[in-house]
Amino acid sequence: MKNIYSLVIVTLLLTSCGGDKKMSVEDIIASGNLEQIRQKKTDLDASAQEISSQLKQLEAEIKKLDPQERIPLITTFAAKEAVFNHFVELQGSVSTKQNLVIHPEYSGTLTRVYVKEGQKVVKGQILAKIDDGGLSQQVAQLQIQAELAKTTFERQERLWNQKIGSEIQYLQAKSTYEAQERAVNQLQQQVGKTVVRAPFSGTIDDVISEQGSVVAPGQSELFRIVNLQDMYIETNVPERYISNITPGRNVQVEFPILGKKMDAKIRQAGNFINPANRTFKIEVAVSNKDKSIKPNLTAKLKINDYKNEKAILIPQSIISENAEGQQYVYTVTDKVKSKGKAKRVIITTGKTQGDYIEVLSGLANGNEIVDEGARSVKDGQEIKILVVE
Numbered sequence: 001m002k003n004i005y006s007l008v009i010v011t012l013l014l015t016s017c018g019g020d021k022k023m024s025v026e027d028i029i030a031s032g033n034l035e036q037i038r039q040k041k042t043d044l045d046a047s048a049q050e051i052s053s054q055l056k057q058l059e060a061e062i063k064k065l066d067p068q069e070r071i072p073l074i075t076t077f078a079a080k081e082a083v084f085n086h087f088v089e090l091q092g093s094v095s096t097k098q099n100l101v102i103h104p105e106y107s108g109t110l111t112r113v114y115v116k117e118g119q120k121v122v123k124g125q126i127l128a129k130i131d132d133g134g135l136s137q138q139v140a141q142l143q144i145q146a147e148l149a150k151t152t153f154e155r156q157e158r159l160w161n162q163k164i165g166s167e168i169q170y171l172q173a174k175s176t177y178e179a180q181e182r183a184v185n186q187l188q189q190q191v192g193k194t195v196v197r198a199p200f201s202g203t204i205d206d207v208i209s210e211q212g213s214v215v216a217p218g219q220s221e222l223f224r225i226v227n228l229q230d231m232y233i234e235t236n237v238p239e240r241y242i243s244n245i246t247p248g249r250n251v252q253v254e255f256p257i258l259g260k261k262m263d264a265k266i267r268q269a270g271n272f273i274n275p276a277n278r279t280f281k282i283e284v285a286v287s288n289k290d291k292s293i294k295p296n297l298t299a300k301l302k303i304n305d306y307k308n309e310k311a312i313l314i315p316q317s318i319i320s321e322n323a324e325g326q327q328y329v330y331t332v333t334d335k336v337k338s339k340g341k342a343k344r345v346i347i348t349t350g351k352t353q354g355d356y357i358e359v360l361s362g363l364a365n366g367n368e369i370v371d372e373g374a375r376s377v378k379d380g381q382e383i384k385i386l387v388v389e
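Below is the structure:
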């Protein structure tokens with residue numbers, strides 16, 4: 001390229017000075033003739049302008065023919081302020097406080113089972129009966145003794161009120177009566193344990209022990225009862241979100257198996273950090289009017305933990321990093337029609353969401369940013385814009 005420039009300059013100088021071959025610039029200056037000096041300067045200025053014009057033509061042609069000198073073709077987009085909602089994505093499992101396996105409180109034979117699987121029951125409803133082993137007869141005998149003790153006490157009390165008899169007789173009759181009452185109540189409580197009742201309203205999901213089985217407290221399982229009204233999703237959240245993920249936060253819930261989505265809120269956030277995995281638990285209440293959500297169903301959660309009303313978002317793919325670890329992008333300056341210059345701008349980034357990242361500093365609303373071709377341009381390089389988004 002330098003050889004071309006030299007050849008053109010020499011040619012033009014020889015041409016421009018062709019009519020004045022006998023006198024060089026030094027000769028004209030030495031002559032001291034002002035008019036000749038001015039004329040020579042005018043001739044050289046004209047030649048310089050012509051040379052400059054021809055050089056520009058040659059440069060343009062070189063850029064067209066030489067791949068290394070071609071102007072990069074890029075696309076751009078304008079930076080715009082927008083509302084940015086950042087979401088934490090987690091996976092949880094559906095639970096309910098009313099999902100219980102019922103165990104017996106008394107040992108014996110399961111003489112009657114009054115319910116079947118899928119049956120709806122109400123709180124306090126009798127589900128089964130266990131053989132009491134003669135406790136009912138013992139209660140009846142104690143009740144007879146209690147009635148006798150009551151009658152004796154009432155008579156002794158009337159005599160005592162009339163100042164008849166001794167105080168010790170009155171106190172003995174009273175203690176005997178009270179002891180008999182307590183014995184009856186205690187035995188009735190034992191008999192009551194032979195009747196299995198529903199602890200809450202719900203549906204009998206499974207009849208585990210059949211009629212005729214011998215059952216024992218803490219060992220045998222009788223029924224599983226489930227209430228699908230008060231459902232919630234439980235999951236573990238990394239401790240770094242403890243200040244942002246709090247009760248009342250909005251949650252987008254998705255059940256992939258059901259193809260169902262809903263909006264919910266965090267109803268409870270744990271105050272304990274599990275040292276094993278550095279997480280805390282949260283509960284997200286979910287509506288289950290159609291009873292389609294079941295315990296232990298997998299759910300995906302998107303929790304809104306951060307919001308910026310005036311955020312500038314850019315694709316992560318256009319960001320580069322220099323040797324100092326600073327992130328930068330290219331903007332367009334000196335734009336004339338579809339051409340301009342690339343300018344390197346150092347930026348500070350924030351949170352990400354998908355393929356986009358939040359820019360905290362370095363860019364302003366309206367800046368034209370290089371998109372496609374951002375990896376192939378250099379700072380200060382001339383560029384040609386194909387598309388502005």
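Yeah, the sequence shown ends on 389 if you go by the UniProt record's numbering, and it's all consecutive. Backbone N, C-alpha and C fix where the C-beta goes; we use that ideal spot for every residue, glycine too. For clarity, every value in this text was computed on a predicted model and none was experimentally measured.
A distance of 8 angstroms or more separates the beta carbons of V329 and I385. Around the Cβ of Y114, a 10 Å sphere holds fewer than 16 other Cβ atoms; the residue is exposed. For the set Q180, E117 and Y232, the Cα lying nearest the Cα of Q138 is the one of Q180. Excluding sequence positions up to five before and after S320, its CB lies within less than 8 angstroms of the CB of Q327, Y328, V329, A374 and R375, all in the same chain and listed in chain order. For V139, the secondary structure class from DSSP, reduced to helix, strand or coil, is helix.
Look at K281 here: in three-state DSSP terms it is strand. Residue pairing of R224 in beta bridges, as defined by DSSP: V101 and D206. Relative to the Cα of V94, the nearest Cα in the group P275, N185, P104 and A299 belongs to A299. A residue is called buried when at least 16 other Cβ atoms come within 10 angstroms of its Cβ; T352 does not meet this threshold and is exposed.
I293 is positioned such that its CB atom lies no closer than 8 angstroms to that of G340. Boundaries of the beta strand (DSSP E) harbouring A311: T298 to P315, taken from the DSSP string.
Annotation: Q169 is outside any beta strand (DSSP E); the continuous alpha helix (DSSP H) that includes it extends over E167 to G192.
Here I266 is buried. Its C-beta has 16 or more other C-beta atoms within 10 Å.
Sequence-distant partners of L135 (beyond 5 residues in either direction) whose C-beta falls short of 8 angstroms from its own C-beta, in its chain, are L187, Q190, V191 and T194. Among the bridge pairs identified by DSSP, P247 is matched with none. In this structure, the alpha-carbon of N277 lies about 21 angstroms from that of V284. A check of alpha carbon separations from L258 across N288, E372 and K129 identifies N288 as the nearest. Non-local C-beta neighbours of V184 in its own chain, meaning closer than 6 angstroms and more than five positions away in sequence, comprise L142, Q143 and A146, ordered along the chain. The beta carbon of E309 lies closer than 6 angstroms to those of V83 in the same chain, with the five residues before and after it left out. CA-CA distance, D131 to T111, rounds to 6 angstroms.
Rounded to the nearest angstrom, the gap between the Cα atoms of A140 and F272 is 53 angstroms. Burial is judged here by how many other beta carbons sit within 10 angstroms of a residue's own beta carbon; V25 has fewer than 16 and is exposed. Below 8 angstroms, enough C-beta pairs join the segment 75-82 and the segment 309-318 to call them touching: three or more.
Cβ contact annotation for T348 (same chain, cutoff 8 angstroms, sequence separation greater than five): Q327, V359, L360, S361 and G362, in chain order.
Here E89 has K302 as same chain residues with Cβ atoms under 6 angstroms from its own Cβ, once five neighbours each way along the sequence are excluded.
Closest option to D230, judged by alpha-carbon separation, among P295, V121 and A78: P295. The Cβ atoms of G366 and A48 do not sit closer than 8 angstroms to each other. In the three-state scheme derived from DSSP, where H, G and I count as helix and E and B as strand, K56 is classed as helix. R197 is positioned such that its CB atom lies closer than 8 angstroms to that of I126. Nearest to H103 by alpha-carbon distance, out of Q219, T109, Y356 and R344, is Q219. The Cβ atoms of N236 and Q98 do not sit closer than 8 angstroms to each other. Between the alpha carbons of L55 and D27 lies a distance of about 29 angstroms. For V329, the secondary structure class from DSSP, reduced to helix, strand or coil, is strand.
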